[in-house]
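Each remark here refers to the structure printed beneath this line.
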Amino acid sequence: MSLTDEAVAKIRQMIASGELGSGDRLPPEKELSEQLGLSRGSLREAVKALEMINVLSVRRGDGTYVTSLQPAMLRDAVSFMVELQRDSSILDLMAVRRVLEASAAALAAPRITEAQVAELRANVDDVDPDDVEDVVGHDMAFHHLIAEVGGNGYLTGLLDGLASSTVRARLWRGITQKRSVERTLNEHRSIVDALAIGDPRLAESAMIVHIGGVENWIRRAVLDESGAVAEPSGDGE
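Take 1 as the starting number for the sequence shown in UniProt numbering and just add one per residue.
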C-alpha cells in the first residue's frame, strides 16, 4: 500500500467511524497530518483522490469538507475503491484491453503516415504532467488515434468502450502512484517510435508493456486488499 493509499484509508476510517460527519470540515492540513502520522504531501494527494470520487469537497479559501453523504452511504460513494480492491473483474477488462490494444498497434504500424506520427508525438508533448485528468484525456485520444490508423472500425469501437470503462482506475493510479505519469509518457514515446519505423512486432510489444503496467498495478491493489503477498513491482514503485 502506498503512503497516499494509507492516507486515503485513514480518512475513510474517520468518516466511517463517525469521527468526521457529513458536512464537517477537516482539521487544518498540518494538524491532520500530525494526527494521522502522515506527511503533508501524502495527505494532500489523499484529499485530491477523495475529492475525485466525491467523498470530500475542497472549497478554495475555506477548507475541505466531508460531502453530504451519510456514513452508511460511504460504500456507495467509494464504489471505485471496491471495484479496484474487491472486484477483480476490472482485471478481466484490462487483460482484454491489453490483447486488443496490442493488435491495434500491430495493425497501425505498416499503415501510419508521417502526419499521424507527428500527431501522436504532439499528443505526448502537449500533456500537462501535473494535471492527471489531462494526462488521462490525452491517453484516451492517443489510443483512439492508433486504433483508427489500424483501419478496423469494430476494433476501434471496442477499444473506446474498454478505455472508458477503465478511466477511473487510471485517474486513481495517476494520483496515488509516484512517477506513473512519467512512465505513461515514456511508454507512449516508445510506442510512437515503434510505429514510426513501421515495425508491427515492436509496436505490439511496446503496447503490451504499456497496458501491462496498469494491469499489474491493479493486480497488486487486489492482492493487497485480500491480504495476499503482492507481486514484485516492475514499474519503479
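In this text, a Cβ means the ideal position worked out from N, Cα and C, and glycines have one as well.
query, result
"Outcome for ARG98 when other beta-carbon atoms lying within 10 angstroms are tallied against a minimum of 16", "buried"
"Local Cβ density within 10 Å of SER22, reported as buried at 16 or more and exposed below that", "exposed"
"Beta-bridge pairing of THR64 - partner residues as DSSP gives them", "VAL58"
"Three-state secondary structure assigned by DSSP to ARG111", "coil"
"DSSP state of ARG179 mapped onto helix, strand, coil", "coil"
"VAL58 burial status per 10 Å Cβ neighbour count (16 or more: buried)", "exposed"
"Rounded C-alpha distance that separates GLU133 from VAL127", "10 Å"
"ASN216 versus GLU187: straight-line alpha-carbon distance, rounded", "15 Å"
"Straight-line Cα distance separating VAL209 from GLY150", "19 Å"
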